[in-house]
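Residue numbering for the sequence shown is -18 to -1, 1 to 189, as defined by mature numbering (1 follows the signal peptide of the UniProt record, and there is no 0).
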Amino acid sequence: MKATFIALLLFCNCLVNAQSNDSTVVRSVYGSTNTELKDLMSFIGVEKFRLELNDPKLAGKYFHLTCQEYKNGIAQPEQEMFGFGTRKEILQIDSTGKFTIDVYARTVDPTTIEALFKLPKVSQRKTFKVEADDARRFSFRTDVVAYKNEKARIPMSKKILFFVHSLPYLKDGFYLYCAVAESQVPVNEWHKQFGVKHVIAYNLILE
């Protein structure tokens, strides 16, 4: 009985170590710590997120980000966020395993939304056209990943949905954002299940 218990402990320990080696922790912080800047961003309608990685296992890996639109449930071609002209080493995580990305999202006009992605060595602005008067209802979400106390564990070497810029779910006269983002329903089914007609999905691979 004792031998069985020890074997079980060893198995569980190996399982935890395997999961740890195949994944890492990301931290997501919303908004600014500066009160005046936070008030200004709220006034002009800018959403800000900072995503932080800090893991020695990530040293030398690449932050590979793509985006893909879904219009009325139909997937559009997936695009590289940092085009072919970007030198690959610019997206490489340094020898300490630390990497940060700041994201700013806003409504430009009634038919245009945009997001700015600032990495340590490069930045990219993405602009999308939307249906008339829809732009003001779009929200940038990181909670498609299951965060708890600002932290979440994500896999390495596997494509995941990292964040979305999306219209809400309209139910009983209310616009619901968290209910969709946190549903764990695949983004290609959001139109069918929630009636969300336009989503920009951002996918990440740490490779």
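Every residue gets a Cβ at the ideal spot worked out from N, C-alpha and C, and that includes glycine.
In this structure, the beta-carbon distance from residue 143 to residue 183 falls below 8 Å.
Exclusion of the five residues before and after residue 74 leaves 42 and 44 as the residues of its chain whose Cβ lies within less than 7 Å of its Cβ. By the Cβ criterion, the segment 25 to 36 is in contact with the segment 70 to 90, since at least three pairs of Cβ atoms, one from each stretch, lie closer than 8 Å. Measuring C-alpha to C-alpha distances from residue 123 to each of 5, 8 and 12 identifies 12 as the nearest. Secondary structure note for residue 20: it is in no beta strand (DSSP E), and the uninterrupted alpha helix (DSSP H) holding it is 17 to 26. If you ignore the 5 residues before and after residue 178, its C-beta comes within less than 7 Å of the C-beta of 148, 149, 151, 162 and 172, all in its own chain and listed in chain order.
Residue pairing from DSSP places residue 136 in a beta bridge opposite 6.
Judged by DSSP secondary structure, residue 162 falls within the alpha helix (DSSP H) whose first and last residues are 160 to 163. Within 10 angstroms of the beta-carbon of residue 160 lie fewer than 16 other beta-carbons, which makes it exposed. Scanning 165, 135, 140 and 175 for the CA closest to the CA of residue 36 turns up 135. Contact check for residue 78 against residue 60 fails: the beta carbons are separated by 8 Å or more.
Judged by their CB atoms, residue 72 and residue 104 are nearer to each other than the 8 Å cut-off. In the DSSP annotation of this structure, the continuous segment of the alpha helix (DSSP H) that includes residue 174 starts and ends at 172 to 176. Taking a C-beta distance under 8 Å as the contact criterion, residue 9 and residue 133 qualify as a contact pair. When the beta-carbon positions are compared, residue 5 and residue 137 come within less than 8 Å of each other. Contact between residue 52 and residue 167 is ruled out by a C-beta separation of about 12 Å, above the 8 Å threshold.
For residue 174, same chain residues with a beta-carbon under 8 Å away, outside a window of 5 residues either side, are 55 in chain order.
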